[in-house]
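For the working numbering, add 86 to where a residue sits in the sequence shown, where the first one is 1. Note that beta-carbon positions come from the ideal geometry of N, C-alpha and C, so glycine has one too.
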Amino acid sequence: DADDKIKDLSAIYRDGEKSTKVREKIQELTGAVAETAFEDALALQAQGKTDEALAKLDTLVKEFPNTDWAKKAQAKSAEIKAARAPDPSVTAFKAAEALAAQKSHAQAFGAWRAFLAEHGNSSQADAARAKTREALVAWTRHVTSESATRPELEEFLSAAEKAKPTEWAGAFQEKAPDALLRLSQRLAAEGKPEDAAAVRARLAREHPDSPAAEKARDAMEAERKALEAPSRVVDEFAAGKLDASLWSETGAAGAVRVQGGELALVGECTETGKWERGVATRTFTVASCEATLALRVPALEARGSASSAEIVFALSDSAGSSFRVTFNGKWYGRGLATAGKGKALTKAQIGQVKPAFGDEAEKPHALTIRYDLGAQRATGLLDGQELGTWPLKLQDILFAFQVAGSGPFVFDIRVADFRCEFSR
Numbered sequence: 087d088a089d090d091k092i093k094d095l096s097a098i099y100r101d102g103e104k105s106t107k108v109r110e111k112i113q114e115l116t117g118a119v120a121e122t123a124f125e126d127a128l129a130l131q132a133q134g135k136t137d138e139a140l141a142k143l144d145t146l147v148k149e150f151p152n153t154d155w156a157k158k159a160q161a162k163s164a165e166i167k168a169a170r171a172p173d174p175s176v177t178a179f180k181a182a183e184a185l186a187a188q189k190s191h192a193q194a195f196g197a198w199r200a201f202l203a204e205h206g207n208s209s210q211a212d213a214a215r216a217k218t219r220e221a222l223v224a225w226t227r228h229v230t231s232e233s234a235t236r237p238e239l240e241e242f243l244s245a246a247e248k249a250k251p252t253e254w255a256g257a258f259q260e261k262a263p264d265a266l267l268r269l270s271q272r273l274a275a276e277g278k279p280e281d282a283a284a285v286r287a288r289l290a291r292e293h294p295d296s297p298a299a300e301k302a303r304d305a306m307e308a309e310r311k312a313l314e315a316p317s318r319v320v321d322e323f324a325a326g327k328l329d330a331s332l333w334s335e336t337g338a339a340g341a342v343r344v345q346g347g348e349l350a351l352v353g354e355c356t357e358t359g360k361w362e363r364g365v366a367t368r369t370f371t372v373a374s375c376e377a378t379l380a381l382r383v384p385a386l387e388a389r390g391s392a393s394s395a396e397i398v399f400a401l402s403d404s405a406g407s408s409f410r411v412t413f414n415g416k417w418y419g420r421g422l423a424t425a426g427k428g429k430a431l432t433k434a435q436i437g438q439v440k441p442a443f444g445d446e447a448e449k450p451h452a453l454t455i456r457y458d459l460g461a462q463r464a465t466g467l468l469d470g471q472e473l474g475t476w477p478l479k480l481q482d483i484l485f486a487f488q489v490a491g492s493g494p495f496v497f498d499i500r501v502a503d504f505r506c507e508f509s510r
């Protein structure tokens, strides 16, 4: 057979016979043996005997090294092995694709970034980069929309910081100003003015020339002008901007009307029982401020020893904080803490405050509350004299002033104006 012939010819060649024909014959016979081995390996593969086919090819490479048949065997072996174990990047790509379809924009972007970190040089890398760009575009589009939540905006801005040394930094930085503007708006809407101001400051510092920074400056200026503008409570009531029906009334007749340039809360309670009548201002964005109610109380005859009608200057119900002054012979002030818990002033404290209520005074008295968000406390004053302080935790501010008490009593409260000055 061929092997025996090769051995015989090899012996002749080793014995010194240097015939070219002998060498050619050896090559011919060697190629025939290698070809047969290669065809046998293909047959084994066709029969599904992959392991045996690979073994046959490996033997061919070892027995006929540095030949064309050895190169063919190596290529075929690699092909068979690749078919048996797919490119791991293909499997990873499918997994990343499935994950991205199920998760948020941020998580989808993260899934493709993770794929590129592990398979950045694979056959799937280009497709993965395209997917990463798509995910980032979708993410940036979302965070600059009305539907973006505060956590989503914060997550995007955090990712933008981490992306600075990467190829994605440009896309993040392009949308970062809009995301910062949107975040400041969200924080303001949630009643966090200090946090909103900090974000606006960051926007102005990091992206001073961006359209978003310009919008933020315009919004701040508009807000400042709105807060500085006097709040004419009489005009707002006449224009229907105040709510004069927030409280129930029992056994009483009364009205809230504009009278002589002032807002008059007048009426009479003829029965013993709870009676409330009041007016509420518009809601303000929470901030440290000083709110003052200018009012007059014409002299009235007290009715009944149990009369305890009050002027109440309060926050919204959710804050549950108020400042009260009682009249009909029992004029004094006190501060009430959150949820109605409070401590009345002592007689000594009450004695220090001697306002001329019920005196038909020409100049309105000033009922003032100072809100300090930093200290989370409020201070009540009457005509500039402090009546006490109490803790508070504000959300939005809704100032309400009302007459409340137990009858029988009459009331005539004239509100000249209401002003709220916000500090920055």
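Look at Gln471 here: in three-state DSSP terms it is strand.
Here DSSP, grouped into helix, strand and coil, assigns Glu348 to strand. Take Ala502, set aside five residues on each side of it, and the residues of its chain with a beta-carbon closer than 7 Å to its own are Glu348, Ala380, Leu381, Arg382 and Pro450, in chain order. Scanning the stretch 198-259 for uninterrupted alpha helix (DSSP H) segments of 4 residues or longer gives 211-229 and 236-248, listed from N- to C-terminal end.
Separation of Glu307 and Trp225 (C-alpha to C-alpha, rounded to the nearest whole angstrom) is 31 Å.
Inclusion of Pro251 and His293 in the CB contact set at 9 Å is not warranted, their separation being larger than that value. Membership of Ala290 in the alpha helix (DSSP H) is indicated by the continuous run Pro279 to Glu292. Secondary structure note for Glu376: its beta strand (DSSP E) is the uninterrupted segment Cys375 to Arg382. A direct Cα-Cα distance of roughly 36 Å separates Val344 from Lys278.
Proximity of the stretch 153-164 to the stretch 189-198 falls short of the contact definition, fewer than three beta-carbon pairs being nearer than 8 Å. Closest in alpha carbon position to Glu276, among Ala118, Ile499, Arg236 and Ala302, is Arg236. In the structure shown, Pro477 adopts extended strand secondary structure according to DSSP, grouped into three states. In this structure, Ser190 places its C-beta atom within 9 Å of the C-beta atom of Glu238. Here the stretch 206-213 makes contact with the stretch 175-185; the two share three or more CB pairs at distances below 8 Å. For the 9 Å CB-CB criterion, Arg456 and Leu467 form a contact.
For Thr454, the enclosing beta strand (DSSP E) has its first and last residue at His451 to Asp458. Leaving aside the five residues that flank Leu269 on each side, the residues in its chain whose CB is nearer than 6 Å to its CB run, in chain order, Leu239 and Val285. For Thr465, DSSP records a beta bridge to Arg456 and Thr475. Per DSSP, the beta-bridge partners of Arg500 are Ala350 and Arg382. For Lys180, the enclosing alpha helix (DSSP H) stretches over residues Pro174 to Gln188. For the set Glu260, Leu273 and Ala324, the Cα lying nearest the Cα of Ala298 is the one of Glu260.
DSSP, read as helix, strand or coil, puts Ala325 in coil. Our two residues, Val320 and Ala366, have alpha carbons roughly 12 Å apart in a direct line. Rounded to the nearest whole angstrom, the C-alpha separation of Arg288 and Ala181 is 38 Å.
Note on geometry: alpha-carbon atoms of Val147 and Thr153 lie some 8 Å from one another. Taking the Cα of Arg303 as reference, the smallest distance to any Cα among Ala282, Val352 and Phe323 is reached at Ala282.
Within its own chain, the residues whose Cβ lies closer than 8 Å to the Cβ of Val223, once the five positions on either side in sequence are excluded, are Ala257, listed in chain order.
Burial state of Gln133 is exposed, judged by a 10 Å Cβ sphere holding fewer than 16 other Cβ atoms. In this structure, Ala255 sits near Ala246, with a CB-CB distance shorter than 9 Å.
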